[in-house]
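Going down the list, the protein sequences come from chains A and B. Using the numbering used here, the first residue of the first sequence is number 1, and each one after it goes up by one. Using the numbering used here, the first residue of the second sequence is number 358, and each one after it goes up by one. Working notes, beginning with the structure itself.
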Amino acid sequence: MKWFRSIVAQERTTARLTGVLAVTILTLAITFVLPPVADSQLAGGAAISIVILGLSWLVGWSGQISLGNSGFMAVGAYATGIWAVHHGSTPLIFTFFLATVIGAISGLIIAIPSTRLSGPYLAGMTLAFSAAISPIAQNYTSVTGGEGGLFFNTLTTPHWFLGLFSGQNATINANAQWTADLAVVVAGVAFFFMANLFHSHTGRAMRLVRDNDVAAELVGINLPRTRTVAFVVSAAFAGLGGSVYVLINATVNPSAFPLTLSITLLTLMVLGGIGTLSGAVIGGIIYAFSTNLISHLNSLTGINPTSNLGANMQGIIFGVLLILTMLFAPHGIAGLGRRLRFFVKSVRRVASVSTGE
Amino acid sequence: MSGEPIVEATVELEDVTVRFGGLLALDEVSFDVQPMEIVGLIGPNGAGKTTAFNVICGFQKADSGTVRFPALGHNALTTSQLCAAGVARTLQGVGLFTNMSVLENVMAGAQGHVGRGFASSLFGFPAGFRHELKLRDDAMAQLERLGIAKFASALPYSIPYGISKKVSIARALMGRPSLLMLDEPASGLDENELQELAELIVQLRESMSVLLVEHNMDFVMPLVHRLVVLNFGKVIATGAPATISTDPEVLAAYLGVDS
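Given below as structure tokens:
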């Protein structure tokens, strides 16, 4: 944990690049070991970690709250889906760019009225936005495919990659892993850009506004503009995450973006650790493997997964974890390491003082 | 103003009036601060000193009258533009950024001068890194100048009050201001710290104008070139400290001497 922090916290861009690259390569290596099912879950986790990172930037750095990031995610997702259906053959990098830009534009549209608000009013406004997205997608059938959604198959595993696999189910294994690797690489790029933002004058401007908006204005910060930039960046990351999310699933439909998704995103962000790169990674990991763990838990305890209790198990567990995190690890799982070190240090200090006397 | 020398004032208030509902906070207030001049703004509590500050730095809109910055070549600036134009202000009660180190707090003072775009941040261009390094050196130099360099990595809540006041001044100086506005810089400081602060302000005067709100008369009197005395939102006297201290109206209104 410490070495990771020390690399990423450097101010030089090359050092950040090295840190992000190291984690990305490590994760790519892990995808070679994991079974295909776990690879698919990891791909979903990588996509969600991009969205969490964008939310983490908004909440942790600029001090604003948003319950609308699932909406921004849906915008990026539908932009990707509609583009893929009509122009499936364009390079993927263009699709990602498009989803990011359209996500950013939707963020701008929401930000202009939102930056006048704060606290619960801002939460309400953004919640209204994410609540509106699904019905729009359901009813605007000619473009969005309505309830059934859109299907596309843009991700084709290249031949050289297929060649790496042999034996039974070679194609399935290769496809699952190619999807995961692609999602991890896109996430790596996104994390690199966010690491840059964290350590730039833009990142500092966000923290100034968060800590003391009066003093921030006095040192030359345009408050509405800075808050708008925070929203637009957050929405751009959500758009990109949404794009990856639907590309790996090869389908986009309204049920993927329920109102509760925004709450889940916030929960994952808090569990991982607000405002840090590693927190978003941890949030993504929890997302990737929680469904699996919970179904294991259900079968272990003999709870019927379709019963009222079993179906809501994720909400129950996330809720309890959230409360525990708030109480005992306010900086999330990413902050636990630092907290433990601090605890050990202070215990040692107390011990040395009491033995010295 | 006819017959005055041609030197342009750093800041100039003309007939500024501010009303809060029925309360007349400022009543046709006019005064100016000349380049390289130290001006003290004094008056009893509720006289309108802080409101005058707020009008100058754009926090409060004047109901009538004008604020001009002739020497800076700018007028009608918003608060966030002032920093780049050369006006810096400290806040009553310090107003540091709570979750940032002392060094970062001081670096933040030059935020209005960054002049770099979003792309530079996003891609992490090397020029941005060099700029940050330079900013850090500048901030360190300011801390050394004020003798508080050893607190650079401390967080604001962990340092003594006197030090945090100096940090807020260091932050204001990072904007390389032409006009430095200090809101009660002496409150809560001990004798030594007052002495140091006075020496600092005299030093600063060589490169900028200073406008300060202060209650501590022993501190203000030997320091300033001119005093502006406010009472109930009106300027009741303007002049050199020696003349002000014998002005009967001022004595009655402010210095607590019975007639």
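Virtual Cβ for every residue (Gly too), placed ideally from N, Cα, C.
- Rounded to the nearest angstrom, the gap between the Cα atoms of G167 (chain A) and L182 (chain A) is 23 Å.
- Looking at the backbone, the Cα of P120 (chain A) and that of G400 (chain B) are separated by about 41 Å.
- The residues T267, in chain order, have a CB closer than 6 Å to that of F318 (chain A) in the same chain once the five nearest residues on each side in sequence are set aside.
- In this structure, A484 (chain B) sits near S477 (chain B), with a CB-CB distance shorter than 9 Å.
- Beta bridge pairing from DSSP links M538 (chain B) with B:R446 and B:L568.
- Secondary structure note for G422 (chain B): its beta strand (DSSP E) is the uninterrupted segment S421 to F426.
- The shortest C-alpha to C-alpha distance from V185 (chain A) to any of A:L58, A:W160, A:A43 and A:R225 is the one to A:A43.
- One finds F193, N196 and L197 in chain A with Cβ atoms closer than 7 Å to the Cβ of L479 (chain B), taken in chain order.
- In this structure V214 (chain A) is exposed. Its beta-carbon is surrounded by fewer than 16 other beta-carbon atoms within 10 angstroms.
- Distance check between K491 (chain B) and each of B:G474, B:A465, B:F508 and B:S515 places B:A465 closest, using alpha-carbon atoms only.
- For R473 (chain B), the closest alpha carbon among the candidates A:S278, A:G203 and A:P305 is that of A:G203.
- Under the three-state reduction of DSSP output, S387 (chain B) falls in the strand class.
- For R116 (chain A), no CB of chain B lies under 9 Å from its own CB, so it is not counted at the interface with that chain.
- Per DSSP, the unbroken alpha helix (DSSP H) holding N175 (chain A) starts and ends at A170 to F198.
- Think of a sphere of 7 Å around the beta carbon of T228 (chain A): no beta carbon from chain B falls inside it, the nearest being about 11 Å out.
- When the beta-carbon positions are compared, G107 (chain A) and A187 (chain A) stay at least 9 Å from each other.
- Shown here is that no member of the region 566 to 592 of chain B has a Cβ falling below 8 Å from a Cβ of chain A.
- By the C-beta density criterion, W83 (chain A) is buried, having at least 16 other C-beta atoms within 10 angstroms.
- Contact annotation for N212 (chain A) against chain B: G452, L453, F454 and T455 [CB-CB distance below 8 Å, chain order].
- Counting the other Cβ atoms within 10 Å of the Cβ of V281 (chain A) gives 16 or more, which makes it buried.
- Chain B places a beta carbon closer than 9 Å to that of N222 (chain A), counting this residue as a contact.
- Of all residues in the region 321 to 341 of chain A, none has a C-beta nearer than 9 Å to a C-beta of chain B.
- Between the region 590 to 602 of chain B and the region 371 to 388 of chain B, the count of Cβ pairs shorter than 8 Å is three or higher; the stretches touch.
- Taking a contact as a CB-CB distance under 8 Å, the pair L568 (chain B) and M538 (chain B) counts as one, their CB atoms being some 5 Å apart.
- Proximity of chain B to S346 (chain A) at the Cβ level (cut-off 7 Å) is not reached, the minimal Cβ distance being about 15 Å.
- Residue contact with chain B for S234 (chain A): absent (no Cβ-Cβ distance below 9 Å to any residue of chain B).
- Residue pairing for K345 (chain A): DSSP places it in no beta bridge.
- Here E147 (chain A) is exposed. Its C-beta has fewer than 16 other C-beta atoms within 10 Å.
- Judged by beta-carbon spacing, T228 (chain A) lies beyond the 9 Å limit of V209 (chain A), meaning their Cβ atoms are not closer than that value.
- Runs of the alpha helix (DSSP H) lying entirely within the region 231 to 303 of chain A and spanning at least 4 residues, in chain order: 260 to 272 and 277 to 301.
- Closest in alpha carbon position to A527 (chain B), among B:T600, B:E461 and B:Q552, is B:E461.
- Legend: CB atoms of the region 434 to 448 of chain B lying less than 7 Å from CB atoms of chain A belong to residues T436, S437, C440, A441, R446 and L448.
- With its beta carbon less than 9 Å from one in chain B, L218 (chain A) belongs to the interface.
- In the three-state reduction of the DSSP assignment, G71 (chain A) falls in the helix class.
- Listed in chain order, the non-local C-beta contacts of A404 (chain B) below 6 Å within the same chain comprise L587 and N588, local neighbours out to five positions each way being set aside.
- Close partners of A176 (chain A) in chain B (Cβ separation under 9 Å) are lacking, with about 32 Å as the shortest Cβ gap.
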